[in-house]
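Numbering (the working numbering), first residue to last: 910 to 1354.
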Amino acid sequence: MSESGQSQHRRLVTEVPGPLSRELAARRALALPAGLSSAFPMYIADAGPGYVVDVDGNSFLDLGSGIAVTGVGNSAPRVVARAGEQLTRFTHTCFMVNPYEGYLEVCEHLNRLTPGDHEKRTALFNSGAEAVENAVKYARSATGRPAVIVFDHAFHGRTLMTMTMTAAAAPYKRTFGPFAPEVYRVPMAYPYRWPSGPENAAREAFEQFQMVVERQIGPASVAAVIVEPIQGEGGFIVPAPGFLRQIADYCAEHGILLIADEVQSGIGRTGDWFASEFEQIVPDLMTTAKGLGGGLPLAGVTGRAEIMDSVHPGGIGGTYSGNPVACAAALGAIESIEHDGLLARARRIGEIMTAELGEIAATAEIIGEIRGRGAMIGAELVTGADKTPSPDAVAAVIRYARDHGVLLLSAGTYGNVLRLLPPMVVSDELLFDAMGVLRAAFDAL
Ligand code: PLZ
910 MSESGQSQHR
920 RLVTEVPGPL
930 SRELAARRAL
940 ALPAGLSSAF
950 PMYIADAGPG
960 YVVDVDGNSF
970 LDLGSGIAVT
980 GVGNSAPRVV
990 ARAGEQLTRF
1000 THTCFMVNPY
1010 EGYLEVCEHL
1020 NRLTPGDHEK
1030 RTALFNSGAE
1040 AVENAVKYAR
1050 SATGRPAVIV
1060 FDHAFHGRTL
1070 MTMTMTAAAA
1080 PYKRTFGPFA
1090 PEVYRVPMAY
1100 PYRWPSGPEN
1110 AAREAFEQFQ
1120 MVVERQIGPA
1130 SVAAVIVEPI
1140 QGEGGFIVPA
1150 PGFLRQIADY
1160 CAEHGILLIA
1170 DEVQSGIGRT
1180 GDWFASEFEQ
1190 IVPDLMTTAK
1200 GLGGGLPLAG
1210 VTGRAEIMDS
1220 VHPGGIGGTY
1230 SGNPVACAAA
1240 LGAIESIEHD
1250 GLLARARRIG
1260 EIMTAELGEI
1270 AATAEIIGEI
1280 RGRGAMIGAE
1290 LVTGADKTPS
1300 PDAVAAVIRY
1310 ARDHGVLLLS
1320 AGTYGNVLRL
1330 LPPMVVSDEL
1340 LFDAMGVLRA
1350 AFDAL
């Protein structure tokens, strides 16, 4: 964490990107492939709770948290203390070779914190995509069925299976096929864009789901339905009330496993430990990553004991899965959320951001909808009565904010959703300051 109190506020001392970032960009062009891109051109030298500092000494308020990872803040004290202590003891044994207690403790926490009081087991992995891949392996193995059902606007990762499960062709799938078999897509009950109106979204989307399952696949061939309880990359889409409950009931009735992908929405971000809680669903399997490791790579699959125990010994694993330093960091992150009241804080952040965005929307007609929960709030930008997506306006707002010291990300199948994902430890002062910049960005449109 930066020692200078100054750097915790927004402060631009050069043009953005500054000369040192531009030098690194020139080196990058010669060393890294073009297809690997970054949202911002500033290279980061330092960071703390709610801000990042670039190599040129510019400080930015961070409303992105490295895509919903540093929920407890960058270099959070409990994460640094635990991971630092672990680094000095040992860095790697491979859990498949020699186990250690930290891994066990993370799994015990996830078993305790995830929805449902049934007996659970957890296995750890490195990334969200790897967790999703393994959740599918567990579901297929336990049910003996092949098909996996996913939704419009879904994002589940970039590996072959998870890229197939991801909805958007651009940028994720274009030129990378052929894709994995036995993945079927159904509509998401996306209230704002449901053709016959939001009030019909849950019922009609469920009818279409049923049609696909019963007419195209057959329920007895379906291993799992996988859903993000709030869709992240797809545009912070909150499913129409009751939709997920209907899907969950249908799954239970037909022996289909319900997998909640809480990689983005989990670990306190929405003001509950998991977004599934608000939807009142108890998934059979759940994937976690991002916020779990407090900034270090760690992911989990948590599920019903009988499903997780059904796989043969040695069927699941990986060299680095559940790395001891990442596990120590996760224990620090979980402790921060529990002991520092961060769930309540996430809810409060959501109230502030929603209210501020609502005031901006009173004059900015381009804001079509504000949605989300807790520290996961999006604004969909549109023009006209037909809700034409405005990705250019999102890009302009992000650009303005960046040039005034605030980092914001975009999302959405149409690239027209502004997403706010501040760390849950951001102070009121920094948050209100960032929202003021956002307001000015809309005024400047
Ligand atoms: N499931 C719900 O949001 C990752 C993607 C960034 P990994 N989201 C950020 C990008 O453009 O690649 C994500 C997610 C949900 C799975 C994943 C995949 O997690 O840790 O990036 O593999």
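We put the CB at the ideal spot given by N, CA and C, even for glycine.
Bridge partners of residue i, per DSSP?
| i | result |
| --- | --- |
| Gln-1140 | Ile-1146 |
| Glu-1289 | Glu-1278, Val-1326 |
| Arg-1030 | Gly-1212 |
| Tyr-1093 | Ile-1058 |
| Thr-1196 | Asp-1170, Val-1210 |
| Ile-953 | Asp-963 |
| Val-1131 | Ala-1056 |
If you draw a straight line from the alpha carbon of residue i to that of residue j, how long is it in whole angstroms?
| i | j | result |
| --- | --- | --- |
| Phe-1060 | Asp-965 | 43 Å |
| Phe-969 | Arg-919 | 5 Å |
| Gly-1011 | Leu-1240 | 8 Å |
| Val-981 | Arg-1124 | 46 Å |
| Tyr-952 | Leu-933 | 8 Å |
| His-1403 | Tyr-1323 | Any property of residue 1403 remains undetermined from this structure, which presents the chain solely from 910 to 1354. |
| Asn-1232 | Ala-1271 | 48 Å |
| Ala-992 | Gly-1204 | 11 Å |
| Gly-1293 | Ala-1040 | 40 Å |
| Gln-1119 | Trp-1103 | 17 Å |
| Ala-1114 | Pro-1096 | 6 Å |
| Glu-912 | Glu-1171 | Because Glu-912 carries a pLDDT of 48, less than 50, the predicted location of this residue cannot be relied on, and no value is offered for it. |
| Ile-1216 | Ser-1130 | 17 Å |
| Ile-1243 | Phe-1152 | 30 Å |
| Ile-1058 | Arg-1083 | 21 Å |
| Gly-1209 | Thr-1071 | 15 Å |
| Gly-1200 | Gln-1173 | 8 Å |
| Glu-994 | Met-1344 | 37 Å |
| Arg-1178 | Glu-1108 | 27 Å |
| Arg-1308 | Asn-1007 | 49 Å |
| Ile-1269 | Pro-1222 | 56 Å |
| Lys-1296 | Glu-1278 | 10 Å |
| Ile-1146 | Ile-1286 | 10 Å |
| Ala-1048 | Ile-1225 | 13 Å |
| Leu-1339 | Ala-938 | 34 Å |
| Ile-1261 | Leu-1330 | 13 Å |
| Val-1121 | Asp-1342 | 48 Å |
| Tyr-1099 | Glu-1142 | 14 Å |
Please state whether the Cβ-Cβ distance between residue i and residue j is less than 9 Å.
| i | j | result |
| --- | --- | --- |
| Pro-1024 | Pro-1148 | no |
| Ser-946 | Val-1220 | no |
| Arg-1328 | Gly-1281 | yes |
| Thr-1031 | Gly-1164 | no |
| Lys-1029 | Leu-1019 | yes |
| Thr-1197 | Cys-1016 | no |
| Asn-1325 | Leu-1354 | no |
| Ala-1056 | Tyr-1093 | yes |
| Leu-996 | Cys-1236 | no |
| His-1027 | Ile-1135 | no |
| Arg-1254 | Val-1334 | yes |
Tell me whether residue i sits in a helix, a strand or coil according to DSSP, three-state version.
| i | result |
| --- | --- |
| Pro-926 | coil |
| Arg-1348 | helix |
| Met-910 | Because the pLDDT of Met-910 is 44, which lies under 50, any placement of that residue in the model is unreliable, and the number read from its coordinates should be weighed accordingly. Note: Met-910 maps to coil in three-state DSSP. |
| Arg-1083 | coil |
| Gly-1203 | strand |
| Ala-985 | coil |
| Gly-1107 | Checking the displayed sequence, the identity of residue 1107 turns out to be Pro instead of Gly. Three-state DSSP puts Pro-1107 in a helix. |
| Phe-969 | strand |
| Tyr-1101 | helix |
| Leu-921 | coil |
| Tyr-1319 | For the record, residue 1319 in the displayed sequence is Ser; it is not Tyr. Looking at Ser-1319 - three-state DSSP - the assignment turns out to be strand. |
| Pro-942 | coil |
| Thr-1297 | strand |
| Ala-1063 | coil |
| Ala-1048 | helix |
| Asn-1043 | helix |
| His-1221 | coil |
| Gln-995 | helix |
| Gly-1004 | Inspection of the sequence shows that residue 1004 is occupied by Phe rather than by Gly. Phe-1004: coil per DSSP, three-state reduction. |
Apart from the five residues on each side of it in sequence, which residues of its chain come closer than 6 Å, Cβ to Cβ, to residue i?
| i | result |
| --- | --- |
| Ala-1077 | Thr-1322 |
| Met-1195 | Thr-1023, Ala-1169, Glu-1171, Thr-1211 |
| Ala-1273 | Phe-1351 |
| Met-910 | Confidence is the limiting factor: at Met-910 the pLDDT is only 44, short of 50, which leaves the residue's position unreliable, though a coordinate-based value still follows. Result list for Met-910: Gly-957, Ser-984, in chain order. |
| Leu-929 | Val-964, Asp-965 |
| Ala-1133 | Ala-1048, Val-1057, Leu-1166, Ile-1168 |
| Ala-1238 | Val-988, Ala-992, Gly-1202, Gly-1203, Leu-1205 |
| Ser-916 | Val-962, Ser-968 |
Might you give, ordered along the chain, the residues of its own chain that have their beta carbon closer than 7 Å to the beta carbon of residue i, omitting 5 neighbours on each side?
| i | result |
| --- | --- |
| Asp-1181 | Phe-1187, Leu-1252 |
| Thr-1068 | Ala-1038, Glu-1042 |
| Ser-1036 | Ala-1198, Pro-1206, Ala-1208 |
| Ala-1157 | Leu-1167, Ile-1190 |
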